[in-house]
Amino acid sequence: MVEAVPSDAALVHRAREGDVEAFGQLVERHQDYMYNAVFHLVRREEDAEDVAQEVFVRAYENLTRFQGRAKFTTWLYGIMLNTVRSFWRRSSRHSVLSIDVPSDGQDGRPPEIESGVEDPADATMRREHVRMVRAGIARLDDQLREIIVLRDIQGLTYGDLADALDVPEGTVKSRLFRARRELRRVLEPYYDGVS
Amino acid sequence: MSTECQKHRERFSEYLDGELGEAERAALEAHLEDCALCRAELDMWQRTVRAVSELPFRNAPEGFAGRVFERVRGQRIVPGRRKLVVLWTRVLPVAAMFLVVVGLTLMLNREALLKHAEEPEPLAMAEPEEIPAGGFGTRALESAPAVDEEGAAAGEALGRFYLRDELLGTELDEARRAEAALGERTRLSAGGGGRAAVPPAHAAASEETAAFAWRGTEGATGELEAPGRKQANLVFQQVAAEPPLLRRPPQQVLTLIGEDPTGLLLRTVVTANRYGLPASFEVVEGDGMNVYLEAPQDGYDGLLRELAGLAAPQSQALSNTLHAKDDYFQAVLIDYENRRNEALEELRGLMRAREPGRALGVLDQPRAVPAEDARTDEKAEAEEAAPKEVDKLAMPIMLQIVISRPARETQ
Numbered sequence: 001m002v003e004a005v006p007s008d009a010a011l012v013h014r015a016r017e018g019d020v021e022a023f024g025q026l027v028e029r030h031q032d033y034m035y036n037a038v039f040h041l042v043r044r045e046e047d048a049e050d051v052a053q054e055v056f057v058r059a060y061e062n063l064t065r066f067q068g069r070a071k072f073t074t075w076l077y078g079i080m081l082n083t084v085r086s087f088w089r090r091s092s093r094h095s096v097l098s099i100d101v102p103s104d105g106q107d108g109r110p111p112e113i114e115s116g117v118e119d120p121a122d123a124t125m126r127r128e129h130v131r132m133v134r135a136g137i138a139r140l141d142d143q144l145r146e147i148i149v150l151r152d153i154q155g156l157t158y159g160d161l162a163d164a165l166d167v168p169e170g171t172v173k174s175r176l177f178r179a180r181r182e183l184r185r186v187l188e189p190y191y192d193g194v195s
Numbered sequence: 196m197s198t199e200c201q202k203h204r205e206r207f208s209e210y211l212d213g214e215l216g217e218a219e220r221a222a223l224e225a226h227l228e229d230c231a232l233c234r235a236e237l238d239m240w241q242r243t244v245r246a247v248s249e250l251p252f253r254n255a256p257e258g259f260a261g262r263v264f265e266r267v268r269g270q271r272i273v274p275g276r277r278k279l280v281v282l283w284t285r286v287l288p289v290a291a292m293f294l295v296v297v298g299l300t301l302m303l304n305r306e307a308l309l310k311h312a313e314e315p316e317p318l319a320m321a322e323p324e325e326i327p328a329g330g331f332g333t334r335a336l337e338s339a340p341a342v343d344e345e346g347a348a349a350g351e352a353l354g355r356f357y358l359r360d361e362l363l364g365t366e367l368d369e370a371r372r373a374e375a376a377l378g379e380r381t382r383l384s385a386g387g388g389g390r391a392a393v394p395p396a397h398a399a400a401s402e403e404t405a406a407f408a409w410r411g412t413e414g415a416t417g418e419l420e421a422p423g424r425k426q427a428n429l430v431f432q433q434v435a436a437e438p439p440l441l442r443r444p445p446q447q448v449l450t451l452i453g454e455d456p457t458g459l460l461l462r463t464v465v466t467a468n469r470y471g472l473p474a475s476f477e478v479v480e481g482d483g484m485n486v487y488l489e490a491p492q493d494g495y496d497g498l499l500r501e502l503a504g505l506a507a508p509q510s511q512a513l514s515n516t517l518h519a520k521d522d523y524f525q526a527v528l529i530d531y532e533n534r535r536n537e538a539l540e541e542l543r544g545l546m547r548a549r550e551p552g553r554a555l556g557v558l559d560q561p562r563a564v565p566a567e568d569a570r571t572d573e574k575a576e577a578e579e580a581a582p583k584e585v586d587k588l589a590m591p592i593m594l595q596i597v598i599s600r601p602a603r604e605t606q
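Chains V and D supply the protein sequences, listed in that same order. First residue of the first sequence: 1, per our numbering; consecutive thereafter. First residue of the second sequence: 196, per our numbering; consecutive thereafter.
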């Protein structure tokens, strides 16, 4: 017999009625995707943790505002974007930032999708590749970086992008076009080097 | 590229997402059949999208959910009109189970993690032989003295300048090109009643313009965010009247002369940051600027050469100040323990430099290799003169970098 997995909407409903376990389930369900998005936007592990926590805290505080017109995840992405933007504003005003530590393992962790025995040369190339692509994304304008991360890393549909970014779908298309064109331009010298 | 190609390329993004209508898709594919350039371009787009989508996924770190719970514990949410006190004790068993799962996952990854930790991670864009472990490092900046958040005393022109370099992680040449572009296109300016660090000129509305945050000289704060951005993010903050970096007078002065002093300033700071060194700077009359660095002796020479190279093809020169003392240079010499042979070559110039006020000349010219017997004498002299105290070894070198435009008549 298959046990039914409660939908996000059902969990939100229960959480709003006071069932905190339901909110706990929502956090567990979405923390990895949310964290991944935040990490690729803020780039530093320690910042990503703080910002991602803030996303869920804000979501919790605003749970009653969720009307259920959009998907819960889309609503959460909207909160995530606002939180990340606040972080960017805060850091450009106050932070004393060290140079970015490049590549995977910047937090001492290995790249997460690696298994089996990998040729060290392949591993090095792979790290370099990841480093280049991340650096390329980091060079994008905030808006372009957001849309690249949400579309090409998180896999949101155009409709979800429009909801999360609160812009018309036409804007999603044009912004995504500009983001990819810019990233392609930035990465071109690297492609030339490896192809 | 023809207008036809242009028109079709504008649909690449939607094409790759399968979002084009049937007619548009057919038209684009027909064009691709005939146009090798557009096929190649589409291939670049595909590689770009694929490269991003294949980036490693980052799971939330261990204990993340628990920490979220901790933060919202005791908070109230207001469902409808009814206030609710959250009872987190009911969540904890769920959280505990989650932590066990995450813990197991991390343990499984531990071997890979340890393996990774054993592999030396090269510093970004740094030349490894110039940056020994434990010498300069990216951590040094993080332990830099805190900037005075309250603003500086009125009238102080000193600022502290940090660069968040979005470019690190890119190839050196590319980063340098972009830095050069940044220097050409951006100027610091300020709002909020403060004083500009560099005479306000313009903030070009370019996508590559940097964003600046700024703290004024009289406690006022100003912030300038040029539209677009993200080649780099500069954070400029005023510091107290006696910033820690300037407690000691400079021991050496490096003069960099170039047509673009702002660009030189930026590149100097980028270079210093790359070595993990915070830089202070002050603006002097005209377009001149002084940058101050407190540089560890380890790798100092490499840093100097790199900084000197920034002014190429124009000029640069190194000289000692009256504050340079013998033991300072001796300490420099014995810090080359692990590279003794190399140090011998440096020794000749450095020994000569023990005379305060004497110019050392232009750095990027090939230096004469001393004759063998002269080397031996100088080595003996250096070893005899070298102080034995370890604390002198640890004393960083106070370097002043004077940046200015070439004099008009020399242009």
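Glycine included, C-beta positions come from ideal geometry on N, C-alpha and C. Computed from a predicted model, the values in this text were never measured in an experiment.
Item to check | DSSP three-state assignment for T450 (chain D), whether helix, strand or coil | outcome: Assigned with DSSP and collapsed to three states, T450 (chain D) falls in strand.
Item to check | Any chain V beta carbon closer than 8 Å to L237 (chain D) | outcome: Interface with chain V (8 Å Cβ-Cβ cutoff): L237 (chain D) is excluded.
Checklist entry - Assuming R600 (chain D) contacts P456 (chain D) under a Cβ cut-off of 8 Å, what Cβ separation, rounded to an integer in Å, is found between them? => result Yes, they are in contact, since the Cβ atoms of R600 (chain D) and P456 (chain D) sit about 6 Å apart, within 8 Å.
Next on the checklist: Along the chain, where does the alpha helix (DSSP H) containing E199 (chain D) start, and where does it finish?
Outcome noted: In the DSSP assignment, E199 (chain D) falls within the alpha helix (DSSP H) that extends over T198 to R204.
Next on the checklist: Please report whether the beta-carbon of D104 (chain V) lies at a distance below 8 Å from any beta-carbon of chain D.
Outcome noted: Low per-residue confidence applies at D104 (chain V): pLDDT is 37, beneath 50, and the placement is therefore not dependable enough to give any value.
Item to check | Interface flag, D47 (chain V) vs chain D, CB-CB below 8 Å | outcome: So, not an interface residue.
Item to check | R184 (chain V): contacting residues in chain D (beta-carbon distance under 7 Å) | outcome: Per Cβ cutoff of 7 Å: M239, W240 and T243.
Item to check | Near-chain V residues of the segment 221-232 of chain D - C-beta to any C-beta below 7 Å | outcome: Contact annotation: in the segment 221-232 of chain D, no residue has its CB less than 7 Å from a CB in chain V.
Checklist entry - How far does the beta strand (DSSP E) with S510 (chain D) in it reach, from first residue to last? => result Unbroken beta strand (DSSP E) run through S510 (chain D): S510 to N515.
Next on the checklist: Does R16 (chain V) pass the burial test, meaning 16 or more other C-beta atoms within 10 Å, or should it be called exposed?
Outcome noted: R16 (chain V) is buried by the Cβ-count criterion.
Item to check | Residues that Q31 (chain V) contacts on chain D, provided the C-beta gap is smaller than 7 Å | outcome: Residues of chain D passing the Cβ test: A255, F259 and A260.
Next on the checklist: Measuring only the C-alpha atoms, how far is P445 (chain D) from L594 (chain D)?
Outcome noted: So the alpha carbons of these two residues sit roughly 5 Å apart.
Next on the checklist: I'd like to know whether the C-beta atoms of E188 (chain V) and M484 (chain D) end up nearer to each other than 8 Å.
Outcome noted: No. Outside cutoff.
Checklist entry - Within the chosen definition, does the segment 241-252 of chain D reach the segment 129-149 of chain V through at least 3 CB pairs nearer than 8 Å? => result Between the segment 241-252 of chain D and the segment 129-149 of chain V, the count of C-beta pairs closer than 8 Å reaches three or more; the two stretches touch.
Checklist entry - How about V486 (chain D) and L460 (chain D): do their beta carbons lie closer than 8 Å? => result Yes, Cβ-Cβ distance for V486 (chain D) and L460 (chain D) is below 8 Å.
Next on the checklist: Against chain V, with Cβ distances strictly below 8 Å, would V597 (chain D) count as a contact?
Outcome noted: No, its Cβ sits nowhere closer than 8 Å to a Cβ of chain V.
Next on the checklist: So with CB distances below 7 Å, who are the chain V contacts of S248 (chain D)?
Outcome noted: Within 7 Å Cβ-Cβ: D152 and I153.
Checklist entry - What three-state label does DSSP hand Y210 (chain D) in the structure shown? => result Three-state result, Y210 (chain D): helix.
Checklist entry - What residue from V:F66, V:V42, V:V27 and V:R69 has the CA that sits closest to F264 (chain D)'s CA? => result Nearest neighbour of F264 (chain D) by Cα position, chosen from V:F66, V:V42, V:V27 and V:R69, turns out to be V:V27.
Next on the checklist: Which same chain residues end up closer than 6 Å to L183 (chain V) when comparing Cβ atoms and leaving out the 5 residues on each side of it in sequence?
Outcome noted: Shown here for L183 (chain V): same chain residues with a beta carbon closer than 6 Å to its own, the five before and five after excluded, namely G136 in chain order.
Next on the checklist: Can you check which of these residues, D:G258, D:A512, D:Y470 and D:T463, is closest to L449 (chain D) by C-alpha distance?
Outcome noted: Looking at D:G258, D:A512, D:Y470 and D:T463, the one whose alpha-carbon comes closest to that of L449 (chain D) is D:A512.
Checklist entry - Cα separation between L150 (chain V) and L223 (chain D)? => result Roughly 26 Å separates the two Cα atoms.
Next on the checklist: Three or more C-beta pairs under 8 Å: does that hold for the segment 68-76 of chain V against the segment 159-175 of chain V?
Outcome noted: Touching, per the Cβ criterion.
Item to check | Under 8 Å by beta carbon: chain D residues contacting Q67 (chain V) | outcome: Correct list: empty, because the minimum Cβ distance to chain D is about 13 Å.
Next on the checklist: Between the segment 165-173 of chain V and the segment 226-238 of chain D, can you find at least three pairs of beta-carbon atoms closer than 8 Å?
Outcome noted: Contact fails: fewer than three Cβ-Cβ distances are below 8 Å.
Checklist entry - Which residues in chain C sit within 7 Å of A4 (chain V), going by Cβ to Cβ distance? => result In the structure shown, chain C does not exist; the protein chains are V and D.
Next on the checklist: Cβ closer than 8 Å: which chain D residues qualify as neighbours of E188 (chain V)?
Outcome noted: Taking a Cβ-Cβ cut-off of 8 Å, the neighbours of E188 (chain V) in chain D comprise M239, given in sequence order.
Checklist entry - Given that F177 (chain V) touches chain D, what residues does it touch there, using C-beta distances under 9 Å? => result Those are E205, R206, F207, S208 and E209, listed as they occur along chain D.
Item to check | Residue burial classification, V464 (chain D) (beta-carbon count within 10 angstroms, cutoff 16) | outcome: Classification for V464 (chain D): buried.
Next on the checklist: Mapping the DSSP letters down to three states, classify D100 (chain V) as helix, strand or coil.
Outcome noted: Only weak support exists for where D100 (chain V) lies, its pLDDT of 31 falling under 50; the value from the coordinates is given anyway. Three-state DSSP puts D100 (chain V) in coil, outside helix and strand.
Next on the checklist: What would DSSP say about N36 (chain V), mapped onto helix, strand or coil?
Outcome noted: Annotated three-state conformation of N36 (chain V) is helix, per DSSP.
Checklist entry - Taking C-alpha atoms, which residue in V:Y190, V:L144, V:R14 and V:Q25 lies nearest to G170 (chain D)? => result Outside the displayed span of chain D (196 to 606) sits residue 170 (chain D), for which this structure offers no information.
Item to check | For I598 (chain D), the residue or residues it bridges with in DSSP | outcome: Its beta-bridge partners are D:L451 and D:M484.
Next on the checklist: So with CB distances below 7 Å, who are the chain D contacts of I148 (chain V)?
Outcome noted: Result: V247.
Item to check | Spatial distance of L502 (chain D) from P591 (chain D) (CA atoms) | outcome: Answer to the nearest angstrom: the Cα atoms are 17 Å apart.
Next on the checklist: Taking 8 Å as the threshold (beta carbon to beta carbon), is R266 (chain D) in contact with chain V?
Outcome noted: For R266 (chain D), the answer is yes, since a Cβ of chain V falls inside 8 Å of its Cβ.
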